[in-house]
Every structure is written in C-alpha cells, then in structure tokens.
Amino acid sequence: MVPPLRFVVVGRLDAGRIAAWLAPTWHVTAGRAAPLVQRYLDTFDWALWRSGGRLVLELEGDQTRMRWQPGGAKPARTVPLAQEVRFAADLPGGVLRREVAAAAGLRALLPVGEMRVRRKLLRVVDGEGKTLVRLWLEAVHPLLRGGPAGPERTRVRVEPLVGYARAATGVVARLQGLAELAPDERDDLADAAAVAGRTPGDYSSRVLVELVPDQPAEVAVRRILTHLFATLRANVEGTVLDLDSEFLHDLRVATRRTRTCLGQLRGVLPAAKVEPFVEEFRWLAGLTTPCRDLDVFLLELQDRRRALPASAAAALEPLLAHLRKTRAAAHGELAEALRSARFRGLLERWGKLLTRPARGGKEGALPIARVARARVLRAYRRLVRHGRALGPEPQVQAMHQLRIEGKKLRYLLEFFASLWEAEETAVLVGQLKLVQDALGAYHDAWLQHERLVALGDEILAAGAGASTLLAMGRLIADLERRQAREAESFFRLFADFSARPVRVRLTRLVERVGVA
Amino acid sequence: MRVIAVWTIKGGVGKTAAAVNLAYLSATEGLRTLLWDLDPQGAASFYFRVRAKVKGGGGKLLRRSADLRPLVRGTDVENLDLLPADFLYRRLDLELDARKDPEERLALKLAPLADEYDTVLLDCAPSVSLVSESVLRAADVLVVPVIPTTLSLRGLEQVRAFAARAGRQSLVVLPFLSMVDRRKTMHHEAVELCGADAQFLRTAIPMASVVERMGVRRAPVVAYAPSSEAARAFCGLWAELNARLAGRG
C-alpha cells in the first residue's frame, strides 16, 4: 500500500481545478464540505506516537468516532463511539482496541492537541464508480481551549485504498505537477500539540542525561538531579488527579532515583546543604508506598480475574470493591500530602538548590567518570556480598533489602550510561533487571499473600460470602506457589549475576570510559 | 478473528444479500471486516463494484506459500475489505483436490490475517463440494439462509448433516428465514414451523424489491435504504447473531 501523501496548497485551489487537472485519465466526484474537530490523544509518555501511530477522536455533527492510524503502511481503523474513552480498554473490542492497547499499555489516553478541519471528499473512481483513491481537500486550524490558534493551512491529502496502489501512485504523480501544490511534510499531531505547549516525545521516564567523562562530578550529579526533578514535577498533577497509575509509579521512581543519587554520591554535593533533603525525600517516598502497593495488587487481581470463568470472577468482586475503596482512601491521603505546604516547600527549596551555583563536596571536583566507576563497583560488591550471605532458604526481609541494593546499582548504571559503551551497559542492566524482577515478584507475592490473609475478617464484615473467601483461599495458595517459584528463579539468576564473568564485564565497562 | 460462513446447498435464497449486508454492518460497527467472495458468479464483488478477477485464479491463491493480502481490495466502506471472486473459482474444487489437506486449506489461508481482521465473512457458492467442506473447517459460525419452502427446508437438513460430518465440533450453525413473503400461506406456515426450532435466528428477512435493487444500486440495502423493513431486518439479524455468539469467545 502507498503511504498517505499530502500537499500543501500554496495558491487558490478548489475541487473543480483538481478534477480538471486529473481528467481525462481520472474521473473525480466531489462530496459536500463538512466541518469536524479532530482531538489527538496519546499517553503522557507518547507511547502511541513512539509506536508510529496516531489516535484521533473525531467529532463530526452528532457523530463521534475514534480513528487509529497505525505505524507503517497499514490502513486506518475507525470505530464509532457511544461512550467516553479514557483507557484503551474502554474502546469497543476489535483490531483497533488491540493495537492501541498494545502501544498504550496501562496508560490513559489523554488529549494532546486539537484541530478544526473543514474538508471536502473527492473520490477518484473507475468506470464502475468504484473509489480507487480518496482525496481530501481540507483546511486545518489548530485549536486552543476550543478557539483557533496559529495559522490555518489548506492542503490536499491523498488516502490510498488497499489494493489500488497503482492508482494512488498515478494520482500522486499527476498532482505533483499542479503548480498550486507543494509537498507537505508537517505533522498535524505536532502542530496541534505545539499550540497546547507540548512536543511529541517531550516526556520519558527514562534517565536521559548526557555526561562527559572529565566533567566535574558536582556538575554531572547536579545535571542528573535536575533531570530527575523535572520528571518528578511532571508527574505530580497526574498523580493528584489520578489520571492513571503510571503517574504515581514514575513519581515514585523519580523520588527513589533522587534518594539513590543523594545516598550513593555523598561527598560530591555540599553535605550541609543536601542533608536536610535526605529526610524530606524519604518522607515523600513513604507517602507514595500505600497507594502504589494497592495499585499493583489491584492490577494483578484484575488480570487474574480476566483469566477466570465468570462465576469465579464474580466471587472476587467484593474483594476488588473493598480494595478499590481502600485504594481511594490511600490516594486521597497522598493527594492531600502532594498539595501540602511541606511538599510545595520541598519542591521550591530543592529547585533553588539545584539552580543556585554552590561549592561541591569534597569529591565534587573529581572527574565524574572516576566517581561513577568507584560507586558502581562498590554497589555491585555490596549486592554480591549481601546476596551470598543469604541462606539457601528464602528470607523475606533480607531479600527485600537485597532488592533495594539492586535498585541502587541499576540506578547508578542508568545515571552514568552515557559515559560507557551503550550496548554493553544495556546488556548488564538487562541482566540485573532479571534478578530484580524475580525479587520484585517474590516480594509482591509475599506482600499480597499477607494482605489477603489479614483481609479475611474485613471482607466478611463488609458482607462478602463464602464464595469470596474461597476465591481468596485459591489466590493465597497461588501466591504461595508463586513465591516459591520466584525465589527459585532469583537464586538461579543471582548465581549468574554474581559470578566472575559479570564482575569482569562490569569492571571492564566502567574502566573504559568515553567509548561511544 | 471470527469467521462467519454464509452458505447453503440451495441457490437463489438470498445468501449473497445476507453476506454483503452483514459485512457492511460489521464494518460500520468499527470491526475490521473482510468479505471473501468465493462464489464464481462474483455477485458480492459486483455489489461493491470490485472487479471479479484474481490474478492466477484459485490455483495460485491456494498455494501454501501464497499470501492473500495482495489480492485484497478496499471497498468504499471504511473498515471493509473484499477478496474478490474469479470465474476460475468454478474449478476451486479440482484445485483443492490436487493439494494436501484440502479441507484445512481455507483455514490455513486465513490464519495469517487473524491480527488484521475482526470479522471474516465467507460468501460461498451454493453446492456440496470440497470447497464447502473447507469452508466449514475454516468457519466459527455457519449462517444458513432458508426460504420458507419444502425444498429449502430439506436443504437445511442436508446442510446440518453435512456440517455435522465435515465441520468442527465448535461450529455454530445458525439458520434464518430469508425472502419471506407473509402473504403466502405456505411461507406463513413455514415461519411458524421454524419458530419452534431453537437453532433458528428469530429475525426473518422479508422478500422486498428494495433488496432486489441492490444490483442496481450496487450497494448493501442497509447503506442506501437504512430505514426500509429489509434493512432493519438485516440489522436485527446482525444483532441477534452477535447476541447468540456473545460469551462464546
């Protein structure tokens, strides 16, 4: 299939002129002009845009439809909508929902920009009256809060039909000779988002900081912390408004990374200035835990419920309802704390500290590559030492502690990734991630197990029946099996990660700085 | 992907009209839909103004390595694609017979399209053949148009017997009354008789000139006469079919 092509109208051009230009080779029939509003939707981290797709809510007269143009040369999929869509799961079932869900995951579909379009359909037809190519003559105007913003542009968009590529190629070739048209490379999503102050790809939860090996450590660490601060701030509003569970997740990760930075790179920043923030970020991390734990538990239970037969799924409903209520209360407390003077004060003071030039700590002047190497190797050695100290039987607290050690090492590797060979860093981070995933799954299973055991009486008091308790019993048994499975998996993965080959690779990696 | 075959042994019972209208309704609901015109007469292709021609005919198309995608044509209806007929399909039986696992061949050809379509409608030629057997293996649902006459009802029994022998255990057989003229006593009686058969879909498609005009308008009746009795009946049939299949995955 020929990819859709567009031309911007640089002079005066109407449907009649286009039809005359394409005749006699092509016969064109024109429809009536119709106005519509196109609202571009994407996740906060631009997952749809990154996949190459565009999701547009189209409002035309009394009709509302969702249009999904997947990446590559696939045809657009459209679906009429009868209800509001916040997540991919709210879309009517089918290819469109499957493809959008695969790209968006758990994230909400949020408006990122809006366009007003006045358009007329011109159909290029064969002798049977069959459409071979659709041409849209359209005037597009970005909107801000419902009103036009920025310049209006008129263009011709070529929409090929599956199986009629030759006709589309021929029409495009002919249109290229029309003096009133010039190739249009603009992206509607980017234009619509720009008016709303956004740029596609302007947010990612990944640590993207370019460092130079000889840079003073204090400058480099300040850059990392500034990046983390921006990520943290970007997620506050979405967390408070509870747009989706990943805002809180990203806020929490940014907080944890900040704490790791402060703890693992002590001596780089001025201790007296930084020390008060250690306690404040610990407070912030603690605030986010109850709500996030419940998010993870609910997501897990919802997944599990989908795999169950209808009767068993219904038995879990009182448990889910109870957890949703508890989660709503936990979110309420979190939102209140994020609106508090203490939190606002933390942001303000931390922001000032990061922007104000100050003398670094005793290691602040050292080259960052040297500091990074020492800290990474120290964190690795500590992880290995603590992991080897575990007995053959899994121990919840010790393994949780080890998980935290693992996170510290991973964050350090991510902070300084730009100093080292990218592929090798990714391999080592990937290996560490496997260990961490096993530890995380083990700990989540334990936590959920304990919570379910403790919830029995509460659920009964809330009016649940025996079928719910039986379903909870099945879950508890599943979680016990899962804990055992994950512990086994952890010991196997850790044995590899703590073995000599990984130590040698890691040491080589951090010692060979500046290799792009 | 749900594969719905519209097939019966008897011809002239409104099979293609049903396939074309159901395909249209599936597409306008937002489901990515493929209508495969397997009837060498090519009526479904004609209704959508698509040339009934497949490069290489049925033989090439049935090759294990052949991809159906390059043969697919987009119709003027959003979400609705068509795999056109070819007059050479009259020899599809012979082509199938010359291959390994002929009964599984259509299912094999459709499998790679599972990620691209929600609904596939097979408009089949009215005959009992190796093609019909292959259609029954590929289909999840068999929709059988039955006109209220003795021969057509007898044809349904033959379809049921054939489907039981050739089809999969999970194949859902859903007959419906087609081309019903309530002025005729015989039709009236047959409607009552079929009403007692739980397998029958309750919606009956009336005999109507507006349906016959599909050949002139070259479009589904639900597209050009949406408020006509026939169009409403097709909508009812589609809704009922979906309700019957709900929960079957």
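These protein sequence lines map, in sequence, to chains A and B. If you use numbering that gives the first Met the number 0, the first sequence corresponds to residues 0 to 515, in order. If you use numbering that gives the first Met the number 0, the second sequence corresponds to residues 0 to 248, in order. Even for Gly, the Cβ is constructed at its ideal location relative to N, Cα and C.
Annotation for residue 128 (chain B): 92 place their beta carbon closer than 7 angstroms to its own, counting only its chain and skipping 5 residues before and after. Contact residues of the segment 22 to 53 of chain B toward chain A are 27, 28, 29, 30, 31, 47, 48, 49, 50 (C-beta to C-beta distance below 8 angstroms). Pairing residue 295 (chain A) with residue 179 (chain A) gives a Cβ-Cβ distance that is not under 9 angstroms. Here the alpha carbon of residue 121 (chain A) sits roughly 15 angstroms from the alpha carbon of residue 23 (chain A).
Chain-order list of chain B residues neighbouring residue 77 (chain A): 29, 77, 78, by C-beta distance under 9 angstroms. At a C-beta separation below 7 angstroms, residue 161 (chain A) has these neighbours in chain B: 71, 72, 73, 80.
Using a 10 angstroms sphere on the CB of residue 71 (chain B), the tally of other CB atoms reaches 16 or more, which defines it as buried. Secondary structure at residue 33 (chain A): strand, using DSSP grouped into helix, strand and coil. The criterion of a C-beta distance shorter than 9 angstroms is not satisfied by residue 360 (chain A) and residue 218 (chain A).
The continuous alpha helix (DSSP H) containing residue 15 (chain A) extends over residues 14 to 21. Within the same chain, and ignoring the five residues on either side of residue 16 (chain B) in sequence, the residues whose Cβ sits closer than 7 angstroms to its Cβ are 210, 213.
Interface residue (Cβ-Cβ distance to chain B less than 9 angstroms): residue 28 (chain A) is not classified as such. Relative to residue 61 (chain A), the option among A:237, A:163, A:35, A:498 whose CA is nearest is A:35. Between residue 199 (chain A) and residue 188 (chain A), the C-beta spacing is below 9 angstroms.
With a 10 Å radius around the Cβ and a threshold of 16 neighbouring Cβ atoms, residue 98 (chain A) comes out buried. Contact between the segment 200 to 210 of chain B and the segment 231 to 240 of chain B is present, with at least three C-beta pairs closer than 8 angstroms.
The straight-line gap separating the alpha-carbon atoms of residue 64 (chain B) and residue 101 (chain B) is approximately 15 angstroms. In the DSSP assignment, residue 22 (chain B) falls within the unbroken alpha helix (DSSP H) covering 14 to 27. Taking a C-beta cut-off of 8 angstroms against chain B, the contacting residues of the segment 126 to 149 of chain A are 127, 128, 129, 130, listed in chain order.
Rounded to the nearest whole angstrom, the CA to CA distance from residue 370 (chain A) to residue 489 (chain A) is 30 angstroms. In chain order, 113, 115 place their CB closer than 6 angstroms to the CB of residue 142 (chain A), counting only its own chain and leaving out the 5 sequence neighbours on each side. Residues of chain A with a Cβ closer than 8 angstroms to the Cβ of residue 116 (chain B) are, in chain order, 94. A direct Cα-to-Cα measurement between residue 59 (chain B) and residue 165 (chain A) gives close to 22 angstroms. Out of A:342, A:344, A:216, A:467, the CA that lies nearest to the CA of residue 320 (chain A) is found in A:467.
Under the three-pair Cβ rule at 8 angstroms, the segment 106 to 118 of chain B does not count as touching the segment 82 to 89 of chain B. Chain order gives the chain B residues near residue 74 (chain A) as 73, where near means a beta carbon separation below 7 angstroms. In the DSSP assignment, the residues bridged to residue 39 (chain A) are A:55, A:112.
Its Cα nearest to that of residue 38 (chain B), the residue B:120 stands out among B:172, B:120, B:104. Taking 9 angstroms as the cut-off, the Cβ atoms of residue 368 (chain A) and residue 418 (chain A) count as close. Residue-level contact by beta carbon holds for residue 64 (chain A) and chain B, with a gap shorter than 9 angstroms.
Contact with chain B is found for residue 122 (chain A), since one of that chain's Cβ atoms lies less than 9 angstroms from the residue's Cβ. Distances from the CA of residue 38 (chain A) to each of A:190, A:51, A:25 were compared; the closest alpha carbon is that of A:190. Excluding residues up to 5 positions away in sequence, 374, 378, 407, 411 lie with their Cβ nearer than 7 angstroms to the Cβ of residue 263 (chain A) in the same chain. Contact check for residue 244 (chain A) against residue 44 (chain A) fails: the beta carbons are separated by 9 angstroms or more. Residue nearest to residue 4 (chain B) within the set B:161, B:146, B:140, B:160 is B:140 (criterion: CA-CA distance). Boundaries cannot be given for residue 179 (chain A), as no alpha helix (DSSP H) includes it and DSSP labels it neither H nor E.
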